[in-house]
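Reading through the structure tokens given below for one structure.
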Amino acid sequence: MEIRHSVHPSDAKHYDTARLREHFLVEKLFEAGQVHMVYTHEDRMVIGGAQPAETALTLEAPDTLKTGFFLERREIGFVNIGGDAVVTACGERYELSKLDTLFVGMGVRDLQLASKDAANPAKLYFCSALAHATYPTRKVSIQEANTLYLGSQATSNERELNQIIHEGGINSCQLMMGITVLKPGSVWNTMPSHLHDRRMEAYLYFDLAEDARVFHMMGEPSETRHLVVANEQAIISPSWSIHSGVGTSNYTFIWAMAGENYTFKDQDIVPPAELK
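Just so you know, full-length UniProt numbering puts the end of the sequence shown at 276, numbered straight through with nothing missing.
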């Protein structure tokens, strides 16, 4: 497990491209037969990816967590972005097609992650936040999500925002997750941009061609920066940073939040005219 420490916004102003990428970009999450994890001190979220091959993978607690098992004091959300997956939680089997989400609450000891077909492996992206109570394990397809239709073709940001783990869907202690799908011809997400000082956010960008890129905008509104993101790479977005992006083509991304406030609409909008 890799550890990423928190960054003060005054320090981030002085970072060059290499250092911005070192702190905020997660470049490799998926590798055949492996589980990769990043522990960020931004609201103690764990960001990870698992790509089971011929045999199932066990989600174990790294020494970093200092716990007996991974979900001893945590909850977790999985989204499958690859071939069909099977997640077994304490003996209960859940089959996940592409874009299906599985939430598993605090206290579940045994988590096994498998691909139904090793030739078309599952890719399970997951985010885990600290928990104080146990909420039941639940699977939801993207068709069952609460879908918001946002933007327009005229502003190149026509998209579907699918709320899945949130106060009106799968209940959790603090973890929120969803999937945003941009329509063909649309490339902008989250514009006008916003802040939520009470929550961090993580983004996974995927369904990008090999030669396509997303320019992820970050930083304080008066000190914006950008990160160039390839397919299946993730961003750690601190609470002081805007998070918006524009791609060389349309794309899909998974957003996940953790922090003090559990209200999705807790956002401080930043009009484009105020960005620098």
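We put the beta carbon where it would ideally sit given N, CA and C, even for glycine.
These numbers come from a predicted model, not from an experiment.
{"query": "So what does W255 bridge to, in DSSP terms?", "result": "G178 and Y203"}
{"query": "Among A85, V104 and G259, which residue has its Cα nearest to the Cα of D117?", "result": "A85"}
{"query": "When the Cα atoms are used, what is the spatial distance from residue 285 to K139?", "result": "Here the chain comprises residues numbered 1 to 276, so residue 285 is not present and cannot be evaluated."}
{"query": "Taking the straight line between their C-alpha atoms, what separation do you get for G245 and N80?", "result": "22 Å"}
{"query": "Measure the Cβ-Cβ separation of A202 and M45 and say whether it is below 8 Å.", "result": "yes"}
{"query": "Going by the CB atoms, is the gap between I76 and F126 shorter than 8 Å?", "result": "yes"}
{"query": "Would a C-beta distance cut-off of 8 Å place residue 282 and K276 closer than the cut-off?", "result": "This structure cannot speak to residue 282, because the chain is shown only from 1 to 276."}
{"query": "Taking 8 Å as the limit between beta carbons, can you name the residues of its chain near T224, skipping five residues before and five after?", "result": "M217, M218, I242, L275 and K276"}
{"query": "Consult DSSP for I76 and reduce its assignment to one of helix, strand or coil.", "result": "strand"}
{"query": "Using three-state DSSP, classify I142 as helix, strand or coil.", "result": "helix"}
{"query": "Determine, using beta carbons only, whether M176 and F264 come nearer to each other than 8 Å.", "result": "yes"}
{"query": "How is S239 classed by DSSP in three states: helix, strand or coil?", "result": "coil"}
{"query": "What do you get for Y149, buried or exposed, if any count of 16 or more other CB atoms within 10 angstroms of its CB means buried?", "result": "exposed"}
{"query": "I'd like to confirm something about S241: is its beta-carbon nearer than 7 Å to some heavy atom of the ligand MG, or not?", "result": "Ligands in the displayed structure: none, and consequently the ligand MG is not present."}
{"query": "So P192 and P272 are supposed to be a Cβ contact under 8 Å. How far apart are they, rounded?", "result": "6 Å"}
{"query": "In angstroms with no decimal places, state the Cα-to-Cα distance between A154 and W188.", "result": "11 Å"}
{"query": "How about T147 and E160: are their beta carbons less than 8 Å apart?", "result": "yes"}
{"query": "Output yes or no for whether 8 Å exceeds the beta carbon distance between S97 and Y135.", "result": "no"}
{"query": "Is there a Cβ from chain D that is less than 8 Å from the Cβ of V79?", "result": "This model lacks chain D altogether; it includes just one protein chain."}
{"query": "Among H41, L182 and S128, which one has its Cα closest to the Cα of F24?", "result": "H41"}
{"query": "Looking only at its own chain, which residues have a Cβ that is under 7 Å from the Cβ of E31, when we skip the five neighbours before and after it?", "result": "Q51"}
{"query": "Roughly how many whole angstroms lie between the Cα atoms of L182 and K123?", "result": "20 Å"}
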